[in-house]
Amino acid sequence: MNLLIKVVSNLRQQLLNYLIYPAKLKMAAGKAQIGKPAPDFTAKAVMPDGQFSDLKLSSYRGKYVVFFFYPLDFTFVCPTEIIAFSDAADDFKKIGCEVIAASVDSHFSHFAWVNMPRKQGGLGTMKIPMVSDTRRTISTDYGVLKEDEGIAYRGLFIIDDKGILRQITINDLPVGRSVEETLRLVQAFQFTDKHGEVCPAGWKPGSDTIKPDVQKSKDFFSKQ
1 MNLLIKVVSN LRQQLLNYLI YPAKLKMAAG KAQIGKPAPD FTAKAVMPDG QFSDLKLSSY
61 RGKYVVFFFY PLDFTFVCPT EIIAFSDAAD DFKKIGCEVI AASVDSHFSH FAWVNMPRKQ
121 GGLGTMKIPM VSDTRRTIST DYGVLKEDEG IAYRGLFIID DKGILRQITI NDLPVGRSVE
181 ETLRLVQAFQ FTDKHGEVCP AGWKPGSDTI KPDVQKSKDF FSKQ
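Residue numbers are given in UniProt numbering: position 61 of the sequence shown equals residue 61, and the series is strictly consecutive.
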């Protein structure tokens, strides 16, 4: 137990150093491109039932996927994001979307973090799989690897039901992401897929959309 506490303390101090003394951004180029197939992978993951399993991205074909990277286990901002996405997993499932988290930590590290109580900085029970990218191949392919430190930036990717990348955001280490905005974006892409209309800024389900036609678009703008 003392060894685990020491390891966790060291990891936290390392990330704190990154936050206070950020190095010059240096990222892997990556293969991920909007409108192109998301780079496929198979990797060890801790599944929602607490078991280890090989997770293959392409096995999620037919559903939307929110795939997000975080820097390290046992850190500060990361658990707030992961817990928020896990708590919202059912909301994503209701619209045919799965959420997957990933970092460069081992699946054993993920397992230890999941089994640590939330009040002690752990994750507790998860509703989303946590992928292990110890070889850094996935984070490299997705262009989020911070090469000088060997950790991933906060990259988030929305992949549609055909396996095509529809949205990419990459945050620097200190700032977490919005689950609500991610859910809104998935809903917006699904709406455009189904109806062929486009969604204006801040669109939410039930709001007006725009017909992508010079004349018909006036129906929307005349109401503004």
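Just so you know, even glycine gets a beta-carbon here, dropped at the ideal spot from N, CA and C. As the structure is a computational prediction, the values presented were derived from the model and not from experiment.
Go ahead and pull the three-state DSSP assignment for residue i.
{"i": "D208", "result": "coil"}
{"i": "P37", "result": "strand"}
{"i": "Y60", "result": "helix"}
{"i": "T134", "result": "coil"}
{"i": "A88", "result": "coil"}
{"i": "D219", "result": "helix"}
{"i": "S106", "result": "coil"}
{"i": "K127", "result": "coil"}
{"i": "Q167", "result": "strand"}
{"i": "I158", "result": "strand"}
{"i": "I95", "result": "coil"}
{"i": "D49", "result": "coil"}
{"i": "A43", "result": "strand"}
{"i": "A201", "result": "coil"}
{"i": "K194", "result": "helix"}
{"i": "F76", "result": "coil"}
Apart from the five residues on each side of it in sequence, which residues of its chain come closer than 7 Å, Cβ to Cβ, to residue i?
{"i": "I82", "result": "Y70, A101 and L123"}
{"i": "S53", "result": "A45 and M47"}
{"i": "C78", "result": "Y70, P71 and L72"}
{"i": "D105", "result": "L72, D73 and S132"}
{"i": "R136", "result": "V104, L145 and G150"}
Taking buried to mean at least 16 other C-beta atoms within 10 Å of its own C-beta, is residue i buried or exposed?
{"i": "I95", "result": "exposed"}
{"i": "P129", "result": "buried"}
{"i": "V131", "result": "buried"}
{"i": "D160", "result": "buried"}
{"i": "T182", "result": "buried"}
{"i": "P39", "result": "buried"}
{"i": "T140", "result": "buried"}
{"i": "S207", "result": "exposed"}
{"i": "A43", "result": "buried"}
{"i": "R118", "result": "exposed"}
{"i": "F92", "result": "buried"}
Distance, Cα to Cα, residue i vs residue j?
{"i": "P22", "j": "V144", "result": "Only weak support exists for where P22 lies, its pLDDT of 47 falling under 50; the coordinates are left without a value."}
{"i": "T80", "j": "E147", "result": "24 Å"}
{"i": "K224", "j": "G62", "result": "Here residue 224 turns out to be Gln, not Lys, going by the sequence shown. Distance between the alpha carbons of Q224 and G62: 37 Å."}
{"i": "T134", "j": "G35", "result": "27 Å"}
{"i": "K194", "j": "K216", "result": "18 Å"}
{"i": "G196", "j": "D213", "result": "11 Å"}
{"i": "F111", "j": "A32", "result": "28 Å"}
{"i": "T125", "j": "Y142", "result": "27 Å"}
{"i": "R166", "j": "F189", "result": "8 Å"}
{"i": "N171", "j": "K218", "result": "36 Å"}
{"i": "V152", "j": "S103", "result": "Reading off the sequence shown, one finds Ala at residue 152, where the question assumed Val. Those two C-alpha atoms are separated by around 7 Å."}
{"i": "V198", "j": "N115", "result": "43 Å"}
{"i": "F220", "j": "P200", "result": "10 Å"}
{"i": "I158", "j": "W113", "result": "25 Å"}
{"i": "C97", "j": "G30", "result": "24 Å"}
Measuring alpha carbon to alpha carbon, tell me which of the options ends up nearest residue i.
{"i": "L173", "options": "A188, P37, Q33 and G150", "result": "G150"}
{"i": "I164", "options": "T192, P37 and Q51", "result": "P37"}
{"i": "S178", "options": "Y64, N115 and L156", "result": "L156"}
{"i": "F76", "options": "G176, V198, T125 and S103", "result": "G176"}
{"i": "F108", "options": "R136, R154, G50 and V66", "result": "G50"}
{"i": "I138", "options": "F220, G121 and L57", "result": "L57"}
{"i": "F68", "options": "F85, Y60, S59 and L55", "result": "F85"}
Return the chain-ordered list of same chain residues with a C-beta closer than 8 Å to the C-beta of residue i, the five sequence neighbours on each side being excluded.
{"i": "K204", "result": "R184 and Q187"}
{"i": "S222", "result": "none"}
Who are the near neighbours of residue i in its chain, counting only those whose CB is closer than 6 Å to its CB and skipping five residues on each side?
{"i": "A89", "result": "V99, K127 and I128"}
For residue i, decide whether its Cβ has a neighbour in chain D, counting only Cβ atoms nearer than 8 Å.
{"i": "D91", "result": "Considering every chain present, this structure includes no chain D. It has just one protein chain."}
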